[in-house]
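When you read off a place in the sequence shown, starting at 1, and then add 68, the result is the number in the working numbering. Ideal Cβ positions, reconstructed from N, Cα and C, are used throughout, including at glycine. Here the structure comes first, spelled out in structure tokens, and everything after it is commentary.
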Amino acid sequence: MGSLSKYEQETVINFNAGEQIATVYTRDKAVMRKFDALVIAFPEVYKLVGETDIDKTYSMPKSCVSYRKPRKLNDKYRELKRVQMKQYNTQREIVEKKCVQ
């Protein structure tokens with residue numbers, strides 16, 4: 069098997085109004101890993117229904133497909149989160165340095 073181009077690493081989600089099942093076809097390794105984890109964690113919901121050496125097909129209830137609107141963060145909240153992450157990373161670096169010594 070050769071390496072797929074970024075363009076060929078597609079994911080297609082298919083469902084219709086007449087059925088309650090959605091089908092996901094993917095050639096993207098990252099998407100496959102996520103769905104493989106869902107199949108293991110929730111085998112009654114997510115099913116691996118087909119695979120070849122370059123793609124996999126999964127099925128799941130249509131209700132598991134979701135649409136989300138983008139998050140809107142105001143500048144004040146974004147700055148608060150930036151400061152919190154900086155503090156967290158500083159603390160983590162201190163702990164890691166102590167563990168290495």
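For Glu119, there is no enclosing alpha helix (DSSP H); the enclosing beta strand (DSSP E) has its first and last residue at 115 to 119. Of the residues Thr91, Thr120, Ser134, the one whose Cα lies closest to the Cα of Tyr114 is Thr91. Here Thr94 is buried. Its C-beta has 16 or more other C-beta atoms within 10 Å. The segment 142 to 168 is shown to contain whole alpha helix (DSSP H) runs of 4 or more residues at 143 to 168, in chain order. Our two residues, Asp121 and Ala98, have alpha carbons roughly 15 Å apart in a direct line.
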